[in-house]
Amino acid sequence: MDSYTLGISYGYHDSAAVLLKAGRPVAAAQEERFTRIKQDSAFPLSAIRYCLAEGGIRMQEVECVAYYEQPFKKLRRILYTALRSGLRGLGLMRRELPGWLWNAFTVKHTIASQLREHFGHCPGIVFGEHHRSHAASAFFASPHAKAAVLCIDGVGEWATTSAWQGQENTLKPLWEIRFPHSLGLLYSAVTYYCGFKVDSGEYKVMGLAPYGKPVYSKTMFEHLIDVKADGQFRLNMDYFDYELGQCMINARFEALFGGPRRQPESPLSQRDFDMAASIQQVIEHVILRLATTLQQQTREKNLCLSGGVALNCVANGRLLQNRLFDHIWIQPAAGDAGGALGAALHVHHEVNKQPRTHRQQDNMQSALLGPAYSNAEIEISLKGANAVYHPLDDDALLAEVAKLLAQGKVIGWHQGRMEFGPRALGSRSILGDARNSNLQSVMNLKIKNRESFRPFAPLVLAEHASEWFELQQDSPYMLLVVPVHAQRRKQVTEDQSALQGLELLKVNRSQIPAVTHVDYSARVQTVQPDHPNKRLRRLLEHFHSITGCPVLVNTSFNVRGEPIVENPTQAYTCFMRTQMDHLVVGNFLMHKSEQPDWNEKTDWRTEFALD
């Protein structure tokens, strides 16, 4: 008889639920996709409902509920931090202690009461540890029987960086770096200083980095972070306020870099570009040293990565280029949502001592673990929205969409099971022609309603990836930034090379300019012949056959501040609110020109808080 384990994460950000069947994930989703609250931290009731429905089971059939961290250990960290800081710690205790006391003492009760109230039953509850959950999500979901594991994030209970060695169904902890010394929080401090939102704007800093020069790196190494030869590091807390205060940085930090932080939504300056370039260089330097030490200690050929910093795909690309390991596997849900998966995998393999079943591929099923909709369900939704649609069989649909893409049209694409994790991987995506030099600005400003500098990622047929990018391994989760192949680049003129800042966007740098960043890099997603989203694969093949180009632009199906769309109604709403040209949901094609007038009583731009 199959065993079922339910993993959950909630209480900080990115609440999620995951259902394992005999150790294999069958359903996973973030709560935000259902509630439409970005990074929702609430108890993941809707995600749990989905997981049970997808698994076709009742809560009574779940053997165990695994929670992703230890609330009492987190509470002890806050108490210790406050008490050792004397009078300054009193503010932290007044501000944070009541909430953490309540959380620590009520998490188990909340889980039990919510499950009993809504599902009539609560299985046994097991608490994992934050970084062990990250490590388990990375190693046990990977295709490797043996691997080194590196987890880097803001902070768990105490750990901010941890190293592990995985073998079969066990994880051996090797070493950790503890709060307040944190690469994730250092990166977040610079994110805040550059005027972006902490815990969501870090990827903007990563995208902004190629517009600047790392002129502040030396200052950061001299004043902010002390890095040893083995990668161990300590932050100089004289420049930060996150340990005790309500802000990431203090006045000393601002004085060090020449003035106050950039105000959110104000114009970007050269200082912002250079700060982004500098912190990216610092982070890559430290990660490379940590990975080198880990490889020397373990002599493993494979590396698995998780934790929020593992979503820094530029640093991942640097690791790949340095060839410290033969293969790097990164958990696509590397943040706290993936902690729900790791908690469940830890219980299955390490607590219950269940063996792993090895396959050539990983256990994530291309991260397509969320809800899907049948054509019958889609049609009901479209009729309810008064949409004008054309039902087409697969051959006709894909041929028509490929032709529209080749004509420069922008397509909303809602197909199959929704992705688990922060990336849209071709199921809830907006697609375009990578050869179109105007597409980046059009999609950013007119469709995504976001900053012009942010790059888009390429979807590419896996067998042609090495012809277009300097990539020698599979990259199914869009978590590696690599150079565009030299043969696909265009020569930059002397005048163009003198441009600075956002003026660099004006330069056409390759045969696929819409996905080529200003440093000739791209965040690649490869699509294999056996990809579970068969329509995505076939669409790429059709586009390749008529254009000779196997690459499409892929960005998430949402606008700025909105969670990625989950159901067909949300897809249609986003389509009508923006300047997308066409929408494809299942086997139904919609043309914007044929749709009825779209009227809303309020401005939809106020519906979502800007990220």
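Mapped onto the working numbering, the consecutive letters of the sequence shown carry residue numbers 1 to 611.
Virtual Cβ for every residue (Gly too), placed ideally from N, Cα, C.
- In the DSSP assignment, A148 falls within the beta strand (DSSP E) that extends over K146 to I152.
- Comparing alpha-carbon positions, the option among Y187, R178, S182 and K146 lying closest to Q167 turns out to be K146.
- C-alpha of I564 to C-alpha of R428: approximately 7 Å in a straight line.
- For D474, there is no enclosing beta strand (DSSP E), as DSSP marks it with neither H nor E.
- According to DSSP, residue pairing for N386 in a beta bridge does not occur.
- By DSSP's assignment, P391 forms a beta bridge with F588.
- Secondary structure at R489: strand, using DSSP grouped into helix, strand and coil.
- In this structure, the CA atom of P568 is about 14 Å from the CA atom of I430.
- The alpha-carbon of V585 is positioned some 50 Å away from that of Q297.
- If you check the CB distance, I152 and G307 come in under 8 Å.
- According to the DSSP assignment, A16 belongs to no alpha helix (DSSP H) but to the beta strand (DSSP E) extending over A16 to K21.
- In summary, S510 is buried, with 16 or more beta-carbon neighbours lying within 10 Å of its beta-carbon over all protein chains present.
- Annotation note: the region 237–296 contains the following uninterrupted alpha helix (DSSP H) runs of length 4 or greater, listed N- to C-terminal: 251–256.
- Going by DSSP, P25 is part of the beta strand (DSSP E) stretching over R24 to Q30.
- Rounded to whole angstroms, G124 and I8 show a C-alpha spacing of 13 Å.
- The shortest CA-to-CA distance from Y10 to any of L540, A136, G156 and G55 is the one to G156.
- Burial is judged here by how many other beta carbons sit within 10 angstroms of a residue's own beta carbon; Q525 has at least 16 and is buried.
- For V481, same chain residues with a beta-carbon under 6 Å away, outside a window of 5 residues either side, are C313, V314, G317, S521 and R523 in chain order.
- If you compare the alpha carbons of V518, V515, L552 and S545 with that of V527, the shortest gap goes to L552.
- For K204, the enclosing alpha helix (DSSP H) covers residues E202 to L208.
- Counted as a single uninterrupted DSSP element, the alpha helix (DSSP H) harbouring T191 occupies residues L183 to Y193.
- Distance from the CA atom of V205 to the CA atom of A399, rounded to whole angstroms, is 38 Å.
- In the three-state reduction of the DSSP assignment, R234 falls in the strand class, which pools E and B.
- For N169, there is no enclosing alpha helix (DSSP H), as DSSP marks it with neither H nor E.
- Nearest to R488 by alpha-carbon distance, out of S466, S497, M478 and Q472, is S466.
- Here L461 is bridged, per DSSP, to V527.
- A distance below 7 Å between beta-carbons, with the five flanking residues on each side excluded, links F273 to the following residues of its chain, in chain order: L208, Y211, G212 and G501.
- In this structure, H348 lies away from G128, with their beta-carbon atoms at least 8 Å apart.
- When C-alpha distances from G416 are compared across E350, I287, E566 and V107, the shortest belongs to E566.
- In the three-state DSSP reduction, A141 falls in the coil class, being neither helix nor strand.
- DSSP, read as helix, strand or coil, puts D336 in helix.
- In the structure shown, the three-state DSSP call for A112 is helix.
- Nearest in C-alpha terms to R435, of all of G548, S452, D395 and L445, is G548.
- Around the beta-carbon of P25, 16 or more other beta-carbon atoms lie within 10 Å, marking it buried.
- Rounded to whole angstroms, the gap between the alpha carbons of Y192 and V309 is 16 Å.
- Check the Cα spacing between N236 and each of Q579, Q270, R454 and H223: the tightest is with H223.
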